[in-house]
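There are 2 protein chains.
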Amino acid sequence: MPRSKLNLVYIANDSSRRVTFTKRMDGLAKKADELTNLCGIEACIILFSPYDHEPEVWPSQLEAQKVIARFRKMSDLEQSELMLNQESFTQERINKINEKMKKQEKVNQQQEMS
Amino acid sequence: MPRSKLNLVYIANDSSRRVTFTKRMDGLAKKADELTNLCGIEACIILFSPYDHEPEVWPSQLEAQKVIARFRKMSDLEQSELMLNQESFTQERINKINEKMKKQEKVNQQQEMS
DNA sequence: CTGTCTATCCTTAGTTC
DNA sequence: AGAACTAAGGATAGACA
Chain A
28 MPRSKLNLVY IANDSSRRVT FTKRMDGLAK KADELTNLCG IEACIILFSP YDHEPEVWPS
88 QLEAQKVIAR FRKMSDLEQS ELMLNQESFT QERINKINEK MKKQEKVNQQ QEMS
Chain B
28 MPRSKLNLVY IANDSSRRVT FTKRMDGLAK KADELTNLCG IEACIILFSP YDHEPEVWPS
88 QLEAQKVIAR FRKMSDLEQS ELMLNQESFT QERINKINEK MKKQEKVNQQ QEMS
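Protein chains in written order, with the numbering used here: chain A, 28 to 141; chain B, 28 to 141.
Right, here's the structure in full:
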């Protein structure tokens with residue numbers, strides 16, 4: 028950003044793109060480090076660079092695995108909750124229909140008697 | 028950082044910690060957005076806040092799933108490579124860790140000076 | 001390519017409404 | 001609570017070694 032305003036577009040030049048990548052990767056990691064320290068939270072960053080055959084992982088491979096595992100668990104939990112909600116919603120509809128059928132039956136019986 | 032130098036430690040006060048979380052989460056997402064645009068790469072951030080029962084995911088749930096899947100695949104690949112060529116791989120990692128430690132040491136020294 | 005420097009732009013803690 | 005502001009500290013593009 029210094030010396031010139033940021034242009035948010037792909038850097039065509041290979042070497043300067045690589046330099047920017049390294050600098051900004053460091054910056055991003057530092058920001059993440061500050062955020063997690065200041066707020067006492069867990070986080071991870073995964074990022075693929077064409078410069079390395081392994082992905083960049085912050086803060087560490089192990090920590091990232093932990094965060095991903097927790098993320099997965101929560102996703103699963105959410106889906107279960109969603110299904111539970113749908114079940115109860117469906118059950119509610121069934122109950123309502125049953126109510127209606129009972130009422131209708133009652134009406135039918137009364138009509139037969141008269 | 029403005030009005031006072033940053034103290035990189037857990038913010039005890041609940042409401043100001045939450046404000047800082049929101050601001051810095053935005054900042055982090057912006058930085059990640061810039062990095063991925065400028066360098067044409069894929070990335071994701073997963074982060075657990077105590078303010079929400081679901082995790083913050085950047086740039087999106089779907090994109091994160093993709094990145095994680097790719098990460099998993101590469102991890103497997105790495106393990107194969109590790110077995111094939113353990114020495115050079117290990118040496119590379121050792122070099123990287125040494126680099127990181129040097130950088131951190133430098134940061135520590137700078138912080139002590141200020 | 002890797003590291004250092006610095007002018008300039010960006011981010012954000014504290015404040016106010 | 002939440003949005004807007006602003007001074008001050010931080011990040012970084014480009015230049016250089």
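From the three backbone atoms N, C-alpha and C, an ideal C-beta is built for every residue, glycine too. Being a predicted model, the structure only gives us computed values, none of them experimental.
- Task: Below 9 Å between beta carbons is the criterion; list the residues of the stretch 40-54 of chain A that meet it against any residue of chain B, in chain order.
- Result: When CB distances to chain B are screened at a threshold of 9 Å, the residues of the stretch 40-54 of chain A falling below it are R44, R45, T47, F48, R51, M52, D53 and G54, in chain order.
- Would you please verify whether the beta carbon of S31/A is less than 7 Å from any beta carbon of chain B? Taking the first sequence and counting its residues from 1, the one referred to as residue 31/A is at position 4. With 7 Å as the cut-off, S31/A does not count as an interface residue toward chain B.
- Message: Looking at the strands, I want to know which residues DSSP matches up with L74/A.
- Response: Along the first sequence, one-based indexing puts residue 74/A at 47. Answer is E83/A and A70/B.
- chain A partners of L35/B, CB-CB under 9 Å? Residue mapping note: residue 35/B aligns to position 8 of the second sequence, counting from 1. The contacting residues are D60, E61, N64 and L65.
- Message: If you measure between the beta carbons of I38/B and R44/B, is that distance less than 7 Å?
- Response: As a position in the second sequence, residue 38/B is number 11, starting the count at 1. As a position in the second sequence, residue 44/B is number 17, starting the count at 1. Contact annotation: I38/B and R44/B have beta-carbon atoms nearer than 7 Å.
- Message: Just to confirm, is the Cβ distance from A70/B to T63/B under 7 Å?
- Response: If you number the second sequence from 1, residue 70/B lands on position 43. If you number the second sequence from 1, residue 63/B lands on position 36. Cβ atoms of A70/B and T63/B: closer than 7 Å.
- Task: Within 10 angstroms of the Cβ of S87/A, are there 16 or more other Cβ atoms? Answer buried if so, exposed if not.
- Result: Position 60 of the first sequence, counting from 1, holds the residue named residue 87/A. Taking all protein chains shown into account, S87/A has fewer than 16 neighbouring C-beta atoms within 10 Å of its C-beta and is therefore exposed.
- Message: Give me the chain B residues within the contact set of E69/A, using Cβ-Cβ distance strictly less than 8 Å, ordered along the chain.
- Response: Counted from its first residue, the first sequence places residue 69/A at position 42. Within chain B, the residues whose beta carbon sits less than 8 Å from that of E69/A are L74 and F75, listed in sequence order.
- Item | Burial state of P77/A (16 or more Cβ within 10 Å) | As a position in the first sequence, residue 77/A is number 50, starting the count at 1. Counting Cβ neighbours within 10 Å, P77/A comes out exposed, since fewer than 16 surround it.
- Close-in-space but distant-in-sequence residues of the same chain around T47/A (CB under 8 Å, 5 per side omitted): For this step, residue 47/A is matched to residue 20 along the first sequence. I38.
- Should I72/B and I72/A be called a contact, given that it needs their Cβ atoms to be closer than 7 Å? Position 45 of the second sequence, counting from 1, holds the residue named residue 72/B. Position 45 of the first sequence, counting from 1, holds the residue named residue 72/A. Contact flag set, yes.
- Hey, E83/A and L74/A: beta-carbon distance below 7 Å or not? Counting from one through the first sequence, the residue named residue 83/A turns up at place 56. Counting from one through the first sequence, the residue named residue 74/A turns up at place 47. Contact: yes.
- Same chain only: Cβ atoms within 8 Å of M52/A, ignoring 5 sequence neighbours per side: Locating residue 52/A in the first sequence gives position 25, counting from the first residue. Within the same chain, L74, S76 and E83 come within 8 Å of M52/A by CB-CB distance, once the 5 residues on both sides are set aside.
- Query: Could one say the Cβ of P82/A lies closer than 7 Å to chain B's Cβ atoms, at least one of them?
  - Reply: Mapped onto the first sequence, residue 82/A falls at position 55. Yes, contact with chain B.
- How many angstroms separate the CA atom of K32/A from the CA atom of D103/A? For this step, residue 32/A is matched to residue 5 along the first sequence. For this step, residue 103/A is matched to residue 76 along the first sequence. Those two C-alpha atoms are separated by around 44 Å.
- Consult DSSP for R30/B and reduce its assignment to one of helix, strand or coil. Sequence index remark: in the second sequence, residue 30/B carries index 3 (1-based). Look at R30/B here: in three-state DSSP terms it is coil, with no helix or strand label.
- By a C-beta neighbour count over all protein chains shown, 10 Å radius and 16 as the cutoff for buried, is L65/A buried or exposed? For this step, residue 65/A is matched to residue 38 along the first sequence. The residue is buried, with at least 16 neighbouring Cβ atoms inside 10 Å.
- Item | I95/B (DSSP reduced to helix, strand or coil) | Taking the second sequence and counting its residues from 1, one reaches residue 95/B at position 68. Of the three classes helix, strand and coil, the one that applies to I95/B here is helix, per DSSP.
- Rounded to a whole number of angstroms, what is the C-alpha to C-alpha distance between D79/B and R99/B? Taking the first residue of the second sequence as position 1, residue 79/B is located at position 52. Taking the first residue of the second sequence as position 1, residue 99/B is located at position 72. Linking D79/B to R99/B through their CA atoms gives a straight-line distance of about 27 Å.
- Query: Exposed or buried, V36/B, counting other C-beta atoms within 10 Å across all chains shown (16 or more means buried)?
  - Reply: Your numbering for residue 36/B matches position 9 in the second sequence. Exposed, by the Cβ-count rule.
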